[in-house]
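Everything on this sheet refers to the single structure shown next.
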Amino acid sequence: MEHVLTLGMLIFLQAVLGFDNLLYISLESKRVAEDRQSFVRRTGIGLAIALRIILLFVLVKAISMFQDPFFSPNWGFFEGEISIHSLIVLIGGVFIIYTALKEIVHMLSLHDLDQSTEGEESSVGKAITWIVTMNLIFSVDSILSAIALTDNFTIMAIAILVSGGLMIALADRVSVFLEKNRLYEVLGLFILFIVGIMLVTEGGHLAHLKFFGYSIEAMSKSTFYFVIIILVLVDMAQSRYQKKLTSQAKSTT
Numbered sequence: 002m003e004h005v006l007t008l009g010m011l012i013f014l015q016a017v018l019g020f021d022n023l024l025y026i027s028l029e030s031k032r033v034a035e036d037r038q039s040f041v042r043r044t045g046i047g048l049a050i051a052l053r054i055i056l057l058f059v060l061v062k063a064i065s066m067f068q069d070p071f072f073s074p075n076w077g078f079f080e081g082e083i084s085i086h087s088l089i090v091l092i093g094g095v096f097i098i099y100t101a102l103k104e105i106v107h108m109l110s111l112h113d114l115d116q117s118t119e120g121e122e123s124s125v126g127k128a129i130t131w132i133v134t135m136n137l138i139f140s141v142d143s144i145l146s147a148i149a150l151t152d153n154f155t156i157m158a159i160a161i162l163v164s165g166g167l168m169i170a171l172a173d174r175v176s177v178f179l180e181k182n183r184l185y186e187v188l189g190l191f192i193l194f195i196v197g198i199m200l201v202t203e204g205g206h207l208a209h210l211k212f213f214g215y216s217i218e219a220m221s222k223s224t225f226y227f228v229i230i231i232l233v234l235v236d237m238a239q240s241r242y243q244k245k246l247t248s249q250a251k252s253t254t
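Below you can see the structure in the form of C-alpha cells.
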C-alpha cells in the first residue's frame with residue numbers, strides 16, 4: 002500500500018511539473034511543417050522519457066556528483082558554489098527566458114498573423130533535439146524530488162513512464178488548443194517566461210549565488226502558481242472585455 006501511495010504522489014508530481022514542458026514542446030513543434038508536428042512532439046517526448054530513465058539511474062548511482070560544487074568563485078561582488086545540478090537549472094532557465102522573449106518579439110513584429118513562421122521553418126531533427134534537451138533540463142528537479150520521496154528505482158521509473166504517456170496524450174491537444182485560440186499563445190509565452198525566471202532563481206539558490214552580498218532566493222512553487230492563476234484571470238477578463246467592446250462597436254454602427 003505504501004508503494005502505491007508513493008507511486009501516485011510521484012505520478013502527480015511528474016504531471017504537475019510537466020505542464021510548463023508541454024508549453025515549450027508546443028512552441029518548438031510549430032517550427033516544423035504542419036504535417037510533421039505531431040510526429041515531432043511524440044518522438045521528442047518518447048526519446049526524452051527513455052533518456053529520463055537513464056538520467057534517473059545515473060542520479061541514483063552518483064547523486065553526490067551532481068550536488069557537490071565544482072567551482073566556488075569568491076570575487077567580492079560575486080560569490081557562489083556552483084554544482085552540475087545548479088548549472089543545468091541556470092542554463093535551462095536562461096534559455097527558456099531567451100526563447101520566450103524571442104517569440105514574443107517575433108509575434109509583435111509580424112505584419113500578417115497568417116504567415117506564422119514559415120520563413121523560419123526548422124528541421125524535424127533539430128526540433129526533436131531541442132524538445133529532448135529541454136525535457137531533460139525540466140526533469141532534473143522532478144527526478145531529484147522523486148529520489149527524496151523514495152529510493153525504489155522501479156517505482157520512480159514507472160512514474161516517469163506513466164507521466165510520459167500522459168504528456169504524449171496531451172501534447173497534441175495543447176497544441177491544437179493554442180492553434181485554435183491564438184490569443185492564448187501570448188499567455189503561454191509569458192507563462193514560459195515566468196518558468197524561466199523560476200528556473201534561474203532556483204539555480205542561483207542551489208549555487209548559493211550572491212551579488213554584492215545579496216543572495217538569490219528561489220521563487221517558491223506557491224508563488225509561481227499564484228502568478229500563473231493571476232495571469233490566467235487577467236487574460237480571461239481582458240478577453241471578455243474585448244468582446245464586450247467589439248459587440249458595442251458593432252451595435253453603434
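Those letters in the sequence shown? Residues 2 to 254, per this note's numbering, in order.
For glycine and all other residues, C-beta sits at the position ideal for the given N, C-alpha and C.
The structure presented is a predicted model; accordingly, all values stated were derived computationally and were not measured.
- At the C-beta level, L8 and I156 come within 8 Å of one another.
- In the three-state reduction of the DSSP assignment, S240 falls in the helix class.
- Secondary structure of K211 (DSSP, three-state): strand.
- If you check the CB distance, S124 and A208 do not come in under 8 Å.
- If the five residues before and after L52 are omitted, its C-beta is found closer than 7 Å to the C-beta atoms of V133 and L137, all from its own chain and listed in chain order.
- Judged by DSSP in its simplified three-state form, N153 adopts coil rather than helix or strand.
- About 7 Å separates the beta carbon of I46 from that of I26, a gap short enough to meet the 8 Å contact definition.
- In this structure L246 is exposed. Its beta-carbon is surrounded by fewer than 16 other beta-carbon atoms within 10 angstroms.
- Of the residues assessed, T224 falls on the exposed side of the cut-off, its CB having fewer than 16 other CB atoms within 10 angstroms.
- The three-state secondary structure of S140, taken from DSSP, is helix.
- For I83, the pairing in a beta bridge is given by DSSP as F72.
- The DSSP-derived three-state label of S221 is coil.
- Here F72 really is in contact with I83; their C-beta atoms are around 5 Å apart, less than 8 Å.
- With respect to L232, A158 sits apart: the two C-beta atoms are not nearer than 8 Å.
- Within the same chain, Cβ atoms closer than 6 Å to the Cβ of S39 are found at D173, the five residues on either side in sequence being excluded.
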